[in-house]
Structure formats: C-alpha cells, structure tokens
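Protein chains in written order, with the numbering used here: chain A, 1 to 228; chain B, 1001 to 1647; chain C, 2001 to 2247. As structure tokens, the structure follows; a few thoughts come after it.
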Amino acid sequence: MGNLFSSSIGRKLIMSISGLFLILFLLFHMSMNLVAVFSTEAYNMICEFLGAHWYALVGTLVLAAGFLFHIIYAFILTIKNRQARGNQRYAVSKHEQGVSWASKNMFVLGLIVVLGLLLHFYNFWYNMQFAELIGEQVGPYGPADGAAYITSLFSNPVFVILYLVWFAALWFHLTHGFWSAFQTLGWDNQIWIKRWKCIANIFATVVMLCFALVVVVFFLRSLCGGAC
Amino acid sequence: MAKLDSKIPAGPLAEKWSKHKADIKVVSPANKRKLDIIVVGTGLGGASAAASLGELGYNVKIFCISDSPRRAHSIAAQGGINAAKNYQNDNDSVFRLFYDTIKGGDYRAREANVYRLAEVSNNIIDQCVAQGVPFARDYGGLLDNRSFGGAQVSRTFYARGQTGQQLLLGAYAALNRQIAKGSVKSYPRHEMLDLVLVDGKARGIITRNLITGEIERFGAHAVVIATGGYGNVFFLSTNAMNSNGSAAWQCYKKGACFANPCFTQIHPTCIPVHGTQQSKLTLMSESLRNDGRIWVPKKKEDVELIRAKKKKASDIPEEDRDYYLERRYPAFGNLVPRDVASRAAKERCDAGYGVNETGLAVFLDFKTAIDRLGEDVIRARYGNLFQMYEKITDVNPYHEPMMIYPAVHYTMGGIWVDYNLMTTIPGLYAIGEANFSDHGANRLGASALMQGLADGYFVLPYTIGDYLSHEIQSPKVNTDTPEFAEAEKAVKEKIAKLFSIQGAESVDDIHKKLGHIMWENVGMGRTKESLEKAIVEIQALRKDFWKNVRVTGTNEEFNQELEKAIRLADFLELGELMARDALHRQESCGGHFRVEYQTPEGEALRDDKHFAYVAVWEYQGADQEPKLEKEPLVFEAVHLAQRNYKD
Amino acid sequence: MNLTLKIWRQKNAKAPGKFVTYKVENISPDTSFLEMLDILNNDLIHKGEDPVVFDHDCREGICGMCSLHINGFAHGPDTEITTCQLHMRKFKDGDTITIEPWRSHAFPVIKDLAVDRSAFDKILQAGGFISVNTGGVPDANSIPIPKADADESMDAAACIGCGACVATCKNGSAMLFVAARVSSLAKLPQGRVEGARRAKAMVAKMDELGFGACTNTGACEAQCPKGISIAHIARLNREFLSAKLKD
C-alpha cells in the first residue's frame, strides 16, 4: 500500500471510510432514540446495557477513534487545501450553478457538528457512561436513567432549538458527505452519481427527522406536563 | 543558388519509398546519442517528429511559443484524417487516395511525395489507435469513417469534431513520454528568431524567451522547422492568433528557398465577418458538408428581405432556393473540393445573392438532414460545432440555417524541400504545413493532419538519418562562435530598432491594413492589376511600419506587442513574395484563381504547358527582387486533365 | 455598450499586483470578450500605456490557452465555453466587469492576467501516455472497442488543459484534469495495460506540485468549458485505490 495515506486521495479515503462509519453509528443512535419515544423503560434498558460494560467501552473507543480520524484529517485536508488555493484570493467569486452549498462548507458545518457534540457530551455522556465509569453519580439522575435526562433536557426550549440547529447542520453535512464518500471510494459513475445524490438526500432527511422527532416529542410532552 | 535536386528516387511510383528507405543510410544507436536535433514547433508535425526522434535515441530540443506543446494550432482541426484503409469496402486504395490528392491539388504537387503520403496514411491510423486516440467507432467496435470534399469514398477517420485535438494529444503524449525520459528537452514560450548557419549547414537557432526576453543560442546537428503556415498574413484567418510565418521566413532569408508562396487555401465554411473589430474567423468543419446543403435564394427580392431581416431563411420555399453546388456539380454536389466551393460562394455573392447585411454569406442548411435522420442524429454528429456556432452568432442552427463565407485557412506553399524533406540548406528540414510538398495548389479536407503526422512519424525519422549519418564525426555544436554571435547581434538590433521607432500606429493597426491589401488583391480572385497594386502597397506599408509603429514596454519582460511586431515585420515581406508569385503564375489552379484565366463556366483554367512546375523563390537581400527557379513537375502515373467534379 | 473594467495588473511574478479601472466605449454586443480586450489594448497603446497581458491563441475554444476569471467565474458567466467564446451580449450596457487571473498556488501569475500552467505538462509527463514507440503497432481494427467505451473515453479526452477546474476549485485541486486523462485511457484496452502505474504516477506528481485534494464539490464540472463530468474523478479514485491496494 506504500504511502497511500500521504497521498491526497488516500487522505480523502480516510475521510470517506471514517465518515461512512460515523453514518452507521448515527443509524444505530437514531434507532435507539426512537425507542425512547415509544417506551422510556425500554430506552433505559438499552442505556443500562450500554453502560460501562467492556463491549460498550470498546465500542465507545472505536467510535471516538472514528471521530478523531474524521476530525483530524478534516483539519489536515483543509489546511493543505487552503495552501493549494494560494495566498491571493479572488476579489469577486460567485457560486457555480448546480454546486451544493453544503459541499463547499463541509468544514464549517463540521465545526458546528463538533460544537453540538460537545454540548451533547456534557448533557448526556458525562452524566451517564462517564458517571458509571468513575462509579459515582454526577448528574441529578442515575447514570442509566437516560429517559429522565431526555425528558428534563428537552423541556427547555433553548436546548430544543440548539439541538435542532445542530441537526440541521448535520443534515447539510450528510447530504454531501454521504454520496461524496462513495465518490471517493470510486463507487460511482455517470449514472450512479445522480442516484447517490438522491439517496444521500433521502437518507439525511430521514435520519435527521427521526432525531428531531425525539426532541420535539419530548418537548411537546413537557408542555402538557407529561399527561400525553 | 543551390541546385534544386528533388532527390526523387527512380523506379515505379509504388516502389519508390520502399526502395529509398532501403538505399538511405542509418545511424547506429551509439552514434544517435551523440547527435543533437532541434525541432521548432509542436503541432502534429513537430510533436510527432520530436517524439519519434527521441525514441530513436537522438538528443532532441523542442521549442514552441505557447505555454505548452499542446496548444499548437493543429489542435483546432475539426473534421478528420484521411487514410486509405478501405475499411468501408468502397474500393478505396493507396492509389485512389494518391490520385484524389493529386487531382484535388490541381496537379501542382509532386507525385512521389503524394504517393508516399497515401502509403503511410494507414500506419498513422494504427499508430494513433495504439496511442489511445478515441476515434469514433461503430456498434461493432470497429472504426467509423465519414466523407470529405474531393473524395467519393468514406476514408476520413474522426473523433467527434475534435480530431486534430485528439491526434495532437496523442503526439503530445508521446512527446511527454520522451521528455520524462530525458531524450527530449522542451522549451515552451520560446520563439525562434533566427537560424544559424555554420559552413553552409544549419547548426542552430537564436531564440527569445517570451517571459524574460532573454536572447539565447541553441546548437544542433540538424534543425527541423515545423512551424505551420502563414495564413495570418491576411490578419483575419482561421489560424490561431499567434500562428505566424516568422521561423520559416528567417530560414528563407538565410538561404532556404520558398516554394509556391501564393497557394493559399480559402476554406468555404467559416462564420462570416461581423465587423471591423473582429480578431479572427472561426471555421465550421468541412464535415458539415456531409449533411448540410449550401444554397442562396433564387430571387433577388428574397435576398433583400432576408438582409433586412424581414424574412427568415426557413420561410423560403424549396423551389425558390438555389442549391448552386448541387446544380453546378451534380457528381460531387456539396462535397466538391474547398477551392471550388469557395469560388462558387464568391460567385453567387458577387452576383448579388449574399444573404447577410454585408452581402457576403451563403446558407448551410441542415433541414433536409434533420428531416431525414432526426435532430438527435445530427446532434450526435455535429453537436459541438452547432454549439460553437450558436455561442458565436446567437442563432440556433437546428432551426435556422447557418450562414457561412469563405476565409483564409491554410497555406499549401512553404519552404521548398526535397524528397527527404530537407530544404536547400543542408541540415535544415521542413515538415507539415511549413513545407510545400504534398498538397499542390489546393489541399483536400482531412489531409493536413495526415501530412503532419506522416512527415513526423514516418518520413523524417528515416530521412534525417541519411543526413546525420555523415555527421557522426561532428562534435557538439559550439554556440560560442562568430556565426552565433552575429545572428544574436542581428536579432538584438532588430528588437532595439522596433522599440526605437515609437510611432503613432499599433502593430494591429498596420496588420489590419496588410490583411486588407492581401484579401482584396491576393485573395480569392487575383488579377494582374490587383497583384501589381498589392506589391506597391505592401512595400509602402512596410516602409510605414518601420517609421510609424509603436511597440510599448521593453524587451526584458513578457511583451506580446513585441512578439506581434517581430512577426508582422516578416509578414510584410512575405505578403509581397506571395503577390509576386501569384503575379508570375499566369494560370488558375486550385486555390490560386487568376480572373484572366478561367473556362467559360468560370472554372480554374490551368496552363500545364507553361506552369506545370513548382515556383521556387530564392532570397536576394533586403528590398531586392527574389530569384525564381523552377522545379518541373513530372507526372508518370496520372494523366493531367481539367478537374471535373460534375460527372 | 459602455463598460467599466476592473483589471488585475501585475508587472511580473514577484511584483505585487493591483486592480486598475478602465473604461471602454461603443462595444458591439456581437464582439467577443477578448476582442473587447483587444480594443482596450489598442486604446492603451495609442495612449502610450502598457497593454494588458492575457494568454489566448486559437480563439475558437479548443487550444486551452485563454483563461481569465470574469465577474467571479472562470471563463466568465456562460456555460461550457472558454473565455474566447464569450460574447459581450452576455453583459449589459454600463456593467462593471472584474477580470482576474487564475488564482492557485500551482499557477503563479507571470504578468497581469497570464499564469504559468506548466504544472499540467509535468503531470502528463509523469504518466499521461501509453508507452508505445512509433511503428510496430497492430492494425487499428485489430482490437474492437465497444462504442460506449470509446465514447466515454472521448468525453474525458475533450479536456483542453485550460486549468479552469483548478482556478474554480476552492481547494486548487487538479483532480478533474488528472481524472480526465486517466479515465480516458482507462476506458480503452490499449490504456489498461499500464493503468495502475499511470494513476499512481500522475496522482503523486499532482500532489508534489502543490495542488489541493478533491472534496467533491463539483465546481470544476460546473465551470469546465468541455463539461467533463466528475464521474471521471470517481474512476480515477478507483484506479488509484485499487493500484495502491495491490502494492
């Protein structure tokens, strides 16, 4: 394989594979969240199952590695690409026809996603898996009582809006990232390029709607005081 | 004067080239490494020659004025390349291609050269396919062909409307491979400004680095000129803006004879001139005449209404259209050779049937073909040409016919060469459009690409060995000699002189005046009076140039005005030679039409008794009349006849 | 038409550049964009000023010599054309037009609007060829090639090497240029023979020369005067990755 990962295409390959891995994780996370809408008990069972057990910790580490690769290489690529662009910028530059806005702003979108991620860690992971890891409760509820954390957080409209903005950024990021990953892998041609873009839009929309659904449902429930 | 020896081998026509190859000497690989060759120009001829010579093991230096070898104007050739493959089973053969080319050239080309060209044409297609040129193919996966003017068979290979581009990219790729190997060294953005002779042999060139202005010397055991034609003497032509005749002209002034300078091809299908600010003319490929029909209205009142934009071409009913090529030349119809088609268009426009505001345009109509084949088929065949037409004229040619008019396209004349492609200067070769040898007085469509590649791939690499086999004892050429110093000094003085004038006119102002003189007097219809007038006017304009031109900036920078000025100075001399040649040739043949010499039907009237020769001009010094020598054309295989495209 | 032009002027590669404003008057809408610049230059020469340097040659959209970033677009505000094919009817009377050179680390400015694109030559020299010598090749019809493959090869081969892809790409990436060559040859049986070597050599050279990486925005395709599809970039990725995985 030689110096594959020091080549421009090799670096993109890392973005592509790590990106696809994170997409798989999103699917898993989405399915888990949906459970909370139907049954908070079932959801808490999953939280229990994913506590500080060895398999969950290994999974978390692998996941973290995926994130790290994706983020670190995003930085490396962005810096190199800016160098390639040169110091002198165009005085006038316009948006080319047919080019998606997301594709040109993946790094900024990625930064927003990371910020949302940090908030999410603080809101959930710190209170749950981390608490279990150190063996003492750090939040108001027990570390496996995910449903309680969801219910309390999304009763606050500020967090609802912050999370929805986060999802929107992720939606944009996914619409480009999904098909782009296949393009980088070379699994693309004249015909599939349109199909992948279409699939990417559908996939991103479904996934992000499901995420948003959970937030909105819990917010609405909080409005009627848990009576509905 | 060097005695003109065409070195045509004896023996039957079909065996000359094989016999010649067997007779000439070769250079051993060990000696090739010691020999240097300079190639100037990177079009089909130059790139293919440099690549092939590099593969053989010579040390090659290649020069071009563009930023990359790939920009050479061969790239703009649209329609195709001829070869006698007979893949279509339409009874094509080497002899038929040879015969069509000789006849198309109105019997003013050398039989032996043309036969060799037809012979190696098949190797070219094989070579290009091996290089990965994506020629058009049929569903069976085999190569497709189309027809071109002057032929009744389908022998033209093509890659959409970009055949020249694809062939050049093939040659350029072969060249790149040699550059990577180190056998060829490339000098882009370098312009040859003089040829250096040592003891009567071509030994090097003086160049200007177009970015820094540095004047440099390069030495070699042989110099190959592959710098194309000089059509830009007319200012408006289908040539690229930077195409010029200067390298060839410097060779002429150093003793290489110039042959048939007046043979200029006026291409019938170009987009008409729209105004005085126009910088160049755009060609619409001859391949369009496969499916397009050329016409003008039969009635003058329709002409008036069309000019006034009160009526559209599509409103004119069939019976009121004059498909004049089909009417005059039933056998070949719209596919008559270029010179015939151009003159016929001029005849109709002169008679008052021209269809645009200037009265200088005819229609090229695809309606019949679209009705017969459907718009999709036409789009697949000519889509890029139609798009190009629409971008330039803002008219959709699927709905309204194109307007076309003849324009200067190619120069059949050029540096005189013998059968080995060597000029009258030992060690100086000329290939492709830069030489004169293969197209006589008119070139057939899709033959320029064929000639450039034939010379570069399959002729020069053999014949140059014969000369270089005598040079194996010569050491590397030392450029630190009085000959090089003198040439460099002359170039620097010329540049200094140009800057010193600081007159009132720009280079383009004067070039446009020259173009006007040439087009009006040395264009499609030439007369004794017009040519004599042209000579006087060009001489006056030349004087004016040297008194009144303004060249801005300095030599030591990227200075496009200086580049243009140097080239125009040469055009102002070359134009006069063209007029002189046209004046002396008291006959009409191919692209050279003298109004005094025509048949009652208005066809070109040759005078084989007095003019079946190559007019070879030798430089005698500044403002001296050049000396004319004649190389008789001997026809053994073909019978000279009035060209007939009627039946 | 009367127009105001803001043109980037830069004496040479090292000197700093700046925008200079010019006025041109009485321009016919049928004039091409470069002819409009010719008119400006002729005026400048008559005034004794240095004309604006810009690269151009064939003026029919095939040589790839012309460049220019016009009002924010490589080759100007029209699709699938080069600057030399752009006509003034695409602008309005009284418009201000900003004209800049290609901007990319790998394409340094030589003077005014002309840039050095020799990096493209170097990439092709690294492997953009099929290694056959002149002569000794089989008959042209000895290998049938499916029409669809030949056509797709031709789609990619239409690249004119103008550099609009690099100029437009926010990453200054030459992927479309490299992909066009790699893909064109990869679609032909003749080209497959050294396909792996070619893809690796050309990508390595592209990286070495300081071009950026592809982030699949598709801006190159949108501005390519020959409309070359980024699907060819997918093929390049495939060729490159499969070649590398075998090493």
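Cβ coordinates follow ideal geometry from the N, Cα and C atoms, glycine included.
Could you check where the beta strand (DSSP E) with E1629 (chain B) kicks off and where it finishes? 1627-1632
Leaving out the 5 sequence neighbours to the left and right, which residues in its chain are closer than 7 Å to I2045 (chain C) when beta-carbon positions are compared? P2051
For the structure I just gave you, are there three or more beta carbon pairs, one from the region 2132-2152 of chain C and one from the region 2193-2212 of chain C, closer than 8 Å? no
Can you round the beta-carbon distance between R85 (chain A) and G2172 (chain C) to whole angstroms, since I take them to be within the 8 Å contact cut? 4 Å
Helix, strand or coil at F1499 (chain B) according to DSSP, with G and I counted as helix: helix
Indicate whether at least one CB of chain C lies closer than 8 Å to the CB of R85 (chain A). yes
Which complete alpha helix (DSSP H) runs does the region 1220-1278 of chain B hold, if anything under 4 residues is left out? 1246-1253
Considering only the alpha carbon of each residue, which of B:L1013, B:W1295, B:V1638 lies closest to D1365 (chain B)? B:W1295
Give the interface partners of N81 (chain A) over in chain C, defined as CB-CB distance under 9 Å, in chain order. C2169, K2170, N2171, G2172, S2173, G2212, A2213, T2215
Report the residue ranges of all alpha helix (DSSP H) runs contained in full by the region 97-158 of chain A; include only those spanning at least 4 residues, in chain order. 101-104, 106-120, 131-134, 146-153
Find out if the Cβ-Cβ distance for the pair N1239 (chain B), I1065 (chain B) is shorter than 8 Å. no
Whole angstroms is fine: what's the gap from M1001 (chain B)'s alpha carbon to E1618 (chain B)'s? With a pLDDT of only 48 at M1001 (chain B), under 50, the local geometry of the prediction cannot be trusted, and the value read off the model is given with reservation. Answer to the nearest angstrom: the Cα atoms are 8 Å apart.
L133 (chain A) versus L213 (chain A): straight-line alpha-carbon distance, rounded: 30 Å
Quick check on T2004 (chain C): buried or exposed, where buried means 16 or more other Cβ atoms within 10 Å of its Cβ? exposed
Helix, strand or coil for Y1329 (chain B), going by three-state DSSP, please let me know. coil
Residue ranges of each alpha helix (DSSP H) run of no fewer than 4 residues wholly in the region 1147-1190 of chain B, ordered along the chain? 1163-1181
Extract the residue ranges of the alpha helix (DSSP H) inside the region 1455-1531 of chain B, only unbroken runs of 4 or more that lie entirely within it. 1460-1468, 1482-1501, 1507-1521
Report the residue ranges of all alpha helix (DSSP H) runs contained in full by the region 2090-2129 of chain C; include only those spanning at least 4 residues, in chain order. 2118-2127
Assuming the contact rule is C-beta atoms closer than 8 Å, E48 (chain A) and A144 (chain A) should be a hit. Round their C-beta distance to whole Å, please. 4 Å
At least one CB of chain C closer than 8 Å to the CB of A42 (chain A): is that the case? no
Count the other C-beta atoms from every protein chain shown that fall within 10 angstroms of the C-beta of T1156 (chain B), then say buried if there are 16 or more, exposed otherwise. buried
Given this structure, state the Cα-to-Cα distance separating K1111 (chain B) from D2095 (chain C), to the nearest angstrom. Correcting the residue type first, residue 1111 (chain B) is Glu in the shown sequence and not Lys. Those two C-alpha atoms are separated by around 59 Å.
According to DSSP, simplified to helix, strand and coil, what is Q1598 (chain B)? strand
Contacting residues, own chain, Cβ-Cβ under 7 Å from F218 (chain A) (five flanking each side not counted): I150, T151, F154
Which partner residues does A1112 (chain B) have in the DSSP bridge list? Paired residue(s): none; A1112 (chain B) is not in a bridge.
Could you name each continuous beta strand (DSSP E) segment of 3 residues or more that falls completely within the region 1318-1395 of chain B, going from the start of the chain to the end? 1362-1365
V138 (chain A) versus R2238 (chain C) - alpha carbon distance: 49 Å
Can the beta-carbon of G1040 (chain B) be found closer than 8 Å to that of T1227 (chain B)? The question names Gly, but residue 1040 (chain B) is Val in the sequence shown. A contact, by the Cβ cut-off of 8 Å.
Per DSSP, which one or two residues make a beta bridge with K1061 (chain B)? B:I1038, B:K1185
Spell out whether any CB of chain B is found under 8 Å from the CB atom of K2014 (chain C). no
What are the boundary residues of the alpha helix (DSSP H) that I191 (chain A) is part of? Note, I191 (chain A): premise wrong, no alpha helix (DSSP H); not H, not E.
Determine, for N2237 (chain C), whether the minimum Cβ-Cβ distance to residues of chain A falls below 8 Å. yes
Counting only Cβ pairs nearer than 8 Å, list the residues of chain C close to Y90 (chain A). H2069, G2072, E2100, R2103
CA-to-CA distance, H2232 (chain C) to V1408 (chain B), given in whole angstroms: 38 Å
In three-state DSSP terms, what is C1589 (chain B)? strand
Name the chain B residues that come within less than 7 Å of I2081 (chain C), Cβ to Cβ? K1391
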